[in-house]
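Beneath this line is the structure, given in C-alpha cells, with notes to follow.
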Amino acid sequence: MSPEEAARAVRTKRAGGLRLAPRLGLAVVVALAATFLLDQILRTLIPPPPFLLLQRAWLVESVADGARGRENGAAPVRMGAAPKYLAFSAGAAAPFAADAVPSRLSAGLAADIARALGRPVADVRVRAEPYSMNFWEQSARTAAAIVPDLPAMMTAEQLASSESHVLGTLDIAVRLRDGRWLSVSPQSLTDPWRHYARSLLGLGGNCLIILLFSFWMARSIIAPLSRLAGAAERLGREREPTLITGMRLPEYVAIADTFNTMQIRLKHYVDERVQMLAAISHDLRTPLTRLRLLAEYVGEAEQRDQLRSNVAEMETMVADALALMREEARHEPRETVDLAALLISLADTYNDLGEDVVYEGPDHFDMACHPVAIKRAFANLVANGCKYGEAVRIRLVAQPGAVAVDIRDRGPGIAAEDSERAFAPFARLESSRSRETGGSGLGLAISRDVIRGHGGEIGFHGGKGDFTVRVILPTRPADAVPYPAAISAAG
C-alpha cells in the first residue's frame, strides 16, 4: 500500500459519524417511531368511538318494550336505560328492505323479537353487518358488540364464538299494529367528524414525517454527490482542481480523498506535457529563424519563395501551438469587460485591413471574463469568417443569464459530420471550405478552449451561404449554458 493510500485509509477510519447503511436504517426506525408516536398522541387527543356492549336478552326485551310503548302511546317504565343506549323512531315506511338471505344473527334476533311481541317474523327486520376497520363510515360510528351474558370478559375467543358478534351496523325495524315502522339503532355517542379529523390528521402527519425524513436522507446523500459533480465539471472546464473537504460519511470521505488525489495527479500530468510541448514549440523558433536566413541565400527565386512559404507556415503552427498551450487564460484575472465594445473594435480592425465586417447589437454589454483570452477567441472566429466567407456579420443578443454572439459569413460552411473534427487541434478542412491553403488548424481549437474555460459553448449553425458560428457565454462565471438549448433559444 502506497503512503497516499495508507493516509487515505486512516482518514476514512477516523471519519466521524455512522456509515451510510446504518444511517438509512436509523432513519427508517426513527420515522416509524415518529409515526407511531403521532398516532398515539392523536388517539389521546381524539379518542376513537366506544363500543356499545349489549346483552342479547336485554336487547330483545328493550326493542319489544319500545314497540309496545309506541303502540300504547307511552314507553313502559321497565325500559330503564334503553333510551340512553338505543335510539327509537317511528315512520310510515320501513327504514330498509328485508335481506333476501338474512345472516344467522339477523334471523335469530328477528325471531327472538317477534316471539317476545307475539308477532309473525315477517313484522321484524334486522340488518347486521360485521365491524370492519377498513370502512371509515363504520369505524367512525358507535359499534355494537352483542354477547349472550353479562358481565363478560371480552376475550378474543369469546368475540370469535358463534354467540358473540361485533357489528359495525345494527338496525332493527318492527311493524307496529297501526302499520307504522319502529326503527331501533345504537345511539351515536361521539361525533363522527372527530374521527374523520383524527384519521386525516394522522394520514397527513405520517406523510409529512416520511417526507421530512426522506428529504433529510436524500439531501445528506445527494449534497456530497453534487459537490463531487461540480468539482468534476470545473476540472473538465477550467483544468483547475477543486479539493473536496468537510465530508462526514466515511464512504464519502474515501471518495473525496480519491477524487482529490486524482485531480492533483491529473493536473500535474497535464501541466508537465503542456510545458514540454510549449518548450518544444519555443525551441523550434531558433532553427526556423536560421532557415529563414538561409532561404535568403537560395539563388532561384521560385525555390526561395517556396522555402519562405514553408518557413512561414511552420512559424504560424508554432505560434498557434504556443497560444494553445499558454496558460494566460488560466491565470489571467477576470475583469468586467464591455463585450460589445470589444466586438466593435474587432470589426473596425478588420475593416481597416480591407475586410467586410459589420457589428449588429447593443453598444454596450458588460460581463466578467478574461479579456485577453476572450479577445483572442473572437479574433480567431472573425479571421476564419473573413478568410473563408468573405463578408462577416457579428451579432450580439442578450439572453436571461447568458449572451449569444453569432459570427455569420457567406462561406461554404462546415458539414454536420465534420463539425466536431473542425475543433480538433491541427485539423484543416480546406478541401471542404477554404479558398486557399495555409493556417495551422488551431484557431477553432483555441477558441473553443477559451469559450469552455468561461463556462460557455460554441457550435455551428446553418449551411452554405449562411453559415453561423454561435457562441453562448454565461453572464455569471458559475453558470454553464448547454449549447443545444441555447441554440434554439437564440434563434
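End of the sequence shown sits at 1196 in our numbering; the numbers just go up one at a time, nothing left out.
Where a beta carbon is used, it is the ideal one built from N, C-alpha and C, also for glycine.
Please read these numbers as outputs of a predicted model, since none were measured by experiment.
Item: In this structure, how does DSSP classify Phe1165 when only helix, strand and coil are distinguished?; Value: strand
Item: With DSSP run on the structure shown, which of helix, strand or coil describes Gln892?; Value: coil
Item: Which same chain residues end up closer than 7 Å to Thr1180 when comparing Cβ atoms and leaving out the 5 residues on each side of it in sequence?; Value: Met1072, Gly1106, Ala1107, Val1108
Item: For Pro856 and Ser890, I'd like the C-alpha separation in whole angstroms.; Value: 22 Å
Item: What residue range does the alpha helix (DSSP H) around Asp817 cover?; Value: 809-822
Item: Taking C-alpha atoms, which residue in Phe1083, Phe964, Ala1150 lies nearest to Ile1049?; Value: Phe1083
Item: Tell me whether Met922 sits in a helix, a strand or coil according to DSSP, three-state version.; Value: helix
Item: Can you say whether Ile927 is buried or exposed, counting buried as having 16 or more other CB atoms within 10 angstroms of its CB?; Value: exposed
Item: Taking 8 Å as the threshold (C-beta atoms), are Ala1045 and Gly1059 in contact?; Value: no
Item: Considering Cα atoms alone, identify which of Asp1114, Gly1116, Leu1147 is closest to Ala1127.; Value: Leu1147
Item: Less than 7 Å separating the Cβ of Phe918 from some heavy atom of the ligand ATP?; Value: This structure simply doesn't include the ligand ATP, nor any ligand for that matter.
Item: Taking all protein chains shown into account, decide if Thr874 is buried (16 or more other Cβ within 10 angstroms of its Cβ) or exposed.; Value: buried
Item: Note the first and the last residue of the continuous beta strand (DSSP E) segment covering Ala848.; Value: 848-852
Item: If you draw a straight line from the C-alpha of Thr1173 to the C-alpha of Ala1096, how long is it?; Value: 12 Å
Item: If you pair each beta-carbon of the segment 913-931 with each one of the segment 811-830, do three or more pairs fall below 8 Å?; Value: no
Item: Would you check if the distance between the CB atom of Pro752 and the CB atom of Leu894 is smaller than 8 Å?; Value: no
Item: How many angstroms separate the CA atom of Pro946 from the CA atom of Ala961?; Value: 12 Å
Item: Which term fits Arg724, buried or exposed, when burial requires 16 or more other beta carbons within 10 angstroms of its beta carbon?; Value: exposed
Item: Cα separation between Ala865 and Ser904?; Value: In this predicted model, Ala865 has a pLDDT of only 49, less than 50, meaning its place in the structure is not dependable; the value taken from the coordinates is given anyway. Computed Cα separation, rounded: 27 Å.
Item: Since Ala732 and Phe918 are thought to touch, with beta carbons under 8 Å apart, how far apart are those beta carbons, to the nearest angstrom?; Value: 5 Å
Item: Out of curiosity, what's the CA-to-CA distance linking Glu956 and Pro835?; Value: 54 Å
Item: In angstroms, rounded to a whole number, what distance separates the CA positions of Leu999 and Met981?; Value: 28 Å
Item: Report the partner residues of Val879 according to the DSSP bridge assignment.; Value: Val829, Leu887
Item: Can you look up Gly951 in the DSSP assignment and give me helix, strand or coil?; Value: coil
Item: What is the rounded straight-line gap between the Cα of Asp1043 and the Cα of Ala1120?; Value: 33 Å
Item: Suppose you measure from the CA of Val782 to the CA of Ala795; what does that come to, to the nearest Å?; Value: For Val782, the pLDDT reaches just 44, beneath the cut-off of 50, and the residue's location in the model is therefore unreliable, although a value from the coordinates is still provided. If I take the Cα positions, the gap works out to 19 Å.
Item: Considering only DSSP beta bridges, list what Met1072 is partnered with.; Value: Val1042
Item: Helix, strand or coil: how does DSSP classify Tyr836 here?; Value: coil
Item: CA-CA distance, Arg1140 and Tyr974?; Value: Model confidence at Arg1140 stands at a pLDDT of 37, short of 50, so the residue's coordinates are unreliable; what they give is reported in the following sentence. Answer to the nearest angstrom: the Cα atoms are 39 Å apart.
Item: Please state the DSSP three-state secondary structure of Arg761.; Value: helix
Item: Should Phe920 go down as buried or exposed, given a rule of 16 or more other Cβ atoms within 10 Å for buried?; Value: exposed
Item: Quick one: give me the first and last residue of the alpha helix (DSSP H) that Pro946 is part of.; Value: Looking at the DSSP string, Pro946 is not in any alpha helix (DSSP H), and its letter there is neither H nor E.
Item: Could you spell out where the alpha helix (DSSP H) holding Phe1172 opens and where it closes?; Value: No alpha helix (DSSP H) contains Phe1172, which is instead part of the beta strand (DSSP E) from 1171-1179.
Item: What residues in its chain sit with their C-beta under 8 Å from that of Thr847, if we drop five residues either side in the sequence?; Value: Pro754, Pro755, Phe756, Leu757, Pro891, Gln892, Ser893, Leu894, Thr895
Item: Based on Cα-Cα distance, which residue from Ala1088, Ala738, Val734 lies nearest to Thr1054?; Value: Ala1088
Item: Three-state secondary structure (DSSP) at Gly873?; Value: strand
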